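S.K.: Sharing a structure below in structure tokens format, with a few things to ask.
Okay, here's the thing in structure tokens:
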């Protein structure tokens, strides 16, 4: 049971890490900046909800992203 529990926790941490990396790449695309710089800024924000708000605002700000904005509303 202990090994299965640790394996499950490890898969959860891996999935979370991959999701964070994806959000950094999305924000990098929206800001037209290198992922390293965007990652540095996002990882300095300790609140995950703020990450999502930043990306939401970037999508709403970009006129070329109107189709994506319609899906958010």
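In our numbering, the protein residues as written are 13 to 85. For each residue, glycine too, the CB sits at the ideal point set by N, CA and C. It should be emphasised that the depicted structure is a prediction, and the values quoted were computed from it without experimental measurement.
(1) On a Cα-Cα basis, can you pick out the residue from 63, 16, 31, 41 that is closest to residue 76?
(2) Give me, in chain order, the residues of the same chain whose beta-carbon lies closer than 6 Å to that of residue 70; leave out the 5 immediate sequence neighbours on both sides.
(3) Indicate whether residue 54 and residue 36 have their beta-carbon atoms separated by less than 8 Å.
(4) Less than 8 Å separating the beta-carbons of residue 67 and residue 38?
(5) From the DSSP output, in three-state form, read off residue 57 for me.
M.R.: According to the structure shown:
(1) As a working mapping, residue 76 is identified with position 64 in the chain shown. If we check each option's Cα against that of residue 76, 41 comes out closest.
(2) To locate residue 70, count along the chain shown from 1; it is residue 58. Cβ neighbours of residue 70 beyond the five flanking positions: 42.
(3) Here residue 54 refers to the residue found at position 42 of the chain shown. Here residue 36 refers to the residue found at position 24 of the chain shown. Result yes, Cβ atoms of residue 54 and residue 36 sit closer than 8 Å.
(4) The residue you call residue 67 lines up with position 55 of the chain shown. The residue you call residue 38 lines up with position 26 of the chain shown. Result yes, Cβ atoms of residue 67 and residue 38 sit closer than 8 Å.
(5) Residue mapping note: residue 57 aligns to position 45 of the chain shown, counting from 1. In the structure shown, residue 57 sits in coil (DSSP, three-state: anything other than H, G, I, E or B).
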